[in-house]
Ligand code: MEV
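Numbering (our numbering), first residue to last: 96 to 514.
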């Protein structure tokens, strides 16, 4: 019997680990090479980024065009496996340009760190004591990160509230931290851990969790675009999108998919720039659910009959630290964007989220999304059955014409072409 209990796996070299995996899973030399032969992200860097590395994993890197945001043109790097996303974003951005593109705003790079205080005799008295010792707590937090303080960031405020839980009342202390151009998890978590003993002394309680909150309500990015009625296909399309929006607002089953479409665009830029897409996902969905699950975008018709779209969501992205700094491709993605601050990145990502959602709703409210998807899907299928070069286009043409985008038919068509 093969066992996954491999002692000291982490101590092995990358090659040794790969050989163990190959042995376990019967990988061929060719398959081993595909994992091991990295391109931009060197094996050494990858090996230092996470644990038990055996290689790297690639995804397509595309560019969405046409984005005009706050009066400036941007090319948007997007890393994603799903067809149509990049084309859809570019298409929306082209339509948004007619009425001036996207305008955006940002509430600041402020994150929340949470400290959970339990076993309190008098939670409200403990809360009072936290506010009385606020300056001391801030000072302790700010000792942890002199560089951040020098840049004008750091812990700016402390808040506390008593919550009811299944294990009784708890006091939750929030550190309010300006993390500037970082995503902020490292800085905030370090501060939370550093102030915990002080908070125990002040409250006479027992601290357990000390961790950032991904519900970054002080770090909101917003974007707005006016979509010209004629440019998007007329009044019927405007009304169709408003119907789609009303559906999402009223029905969580639809709303989940509506928000998923937004995240198609957002995650693609977040990944391209080396940011933590799980943090962004968690923040987005928690924010969407804060008063009952709702769409992250809104749509209205203005006096000219044009469609006005907005988006608002937490956007904890950084341009320093983490994979953003380590992965050379993330650095290139930032260079393509031509940005200098995390704020600019957050604003751009909000605009992309709105563009992505608009594209999905427009397609859904009109011809449906399958037609656009079909060709790209057929292309993937053609390649999966082994078509190369010109064969790919030939197979795609037949599959789309016959509306049979399936592996079995693709195989038959490829055989016909080759014979
Ligand atoms: C597919 O990845 C995303 C959509 O389903 C989004 C939506 O339905 O709004 C098209």
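C-beta: ideal position from N, C-alpha, C; glycine also. The structure presented is a predicted model; accordingly, all values stated were derived computationally and were not measured.
Quick one: what's got a C-beta closer than 6 Å to residue i's C-beta in the same chain, skipping five residues either side?
i: residue 254; result: 269
i: residue 482; result: 490, 509
i: residue 366; result: 174, 372
i: residue 460; result: 335, 336, 339
i: residue 297; result: 224, 228
Which residues in the same chain as residue i place their Cβ atom closer than 7 Å to its Cβ, once the five residues preceding and following it in sequence are excluded?
i: residue 450; result: 184, 187, 188, 191, 360
i: residue 161; result: 185, 188, 189, 192
i: residue 472; result: 178, 500
Apart from the five residues just before and just after residue i, which ones in its own chain have a Cβ nearer than 8 Å to its Cβ?
i: residue 400; result: 324, 330, 333
i: residue 110; result: 131
Applying the 10 Å Cβ sphere with the 16-neighbour rule, what's the burial state of residue i?
i: residue 179; result: buried
i: residue 322; result: buried
i: residue 498; result: exposed
i: residue 512; result: exposed
i: residue 301; result: exposed
i: residue 305; result: buried
i: residue 309; result: buried
i: residue 430; result: exposed
i: residue 128; result: exposed
i: residue 425; result: buried
Return the first residue and the last residue of the alpha helix (DSSP H) that residue i is part of.
i: residue 472; result: 465-479
i: residue 315; result: Here residue 315 belongs to no alpha helix (DSSP H); instead the beta strand (DSSP E) covers 315-322.
i: residue 173; result: No alpha helix (DSSP H) holds residue 173; the beta strand (DSSP E) holding it covers 167-174.
i: residue 451; result: 437-460
i: residue 340; result: 330-345
i: residue 372; result: 372-383
i: residue 226; result: 218-227
i: residue 298; result: 280-298
i: residue 419; result: 417-421
i: residue 506; result: 502-513
i: residue 489; result: 485-497
i: residue 241; result: 241-245
i: residue 130; result: 124-131
i: residue 144; result: 138-144
i: residue 161; result: Segment 156-164 is the beta strand (DSSP E) holding residue 161; no alpha helix (DSSP H) there.
i: residue 403; result: Segment 402-409 is the beta strand (DSSP E) holding residue 403; no alpha helix (DSSP H) there.
i: residue 191; result: 180-192
Considering residue i, what are the terminal residues of the beta strand (DSSP E) in which it resides?
i: residue 115; result: It is not in any beta strand (DSSP E) - residue 115 instead sits in the alpha helix (DSSP H) that spans 109-120.
Could you tell me whether the stretch 217-236 touches the stretch 194-201, where touching means 3 or more Cβ pairs closer than 8 Å? no
Pair every Cβ in the stretch 344-359 with every Cβ in the stretch 415-429, then say whether three or more of these pairs are closer than 8 Å. no
Looking at C-beta atoms only, is the number of pairs between the stretch 99-115 and the stretch 140-149 that lie closer than 8 Å three or more? yes
Three or more C-beta pairs below 8 Å linking the stretch 271-291 and the stretch 202-221: yes
With three or more C-beta pairs closer than 8 Å as the rule, is the stretch 440-448 touching the stretch 162-169? yes
With a cut-off of 8 Å, do at least 3 Cβ pairs link the stretch 236-255 to the stretch 288-302? yes
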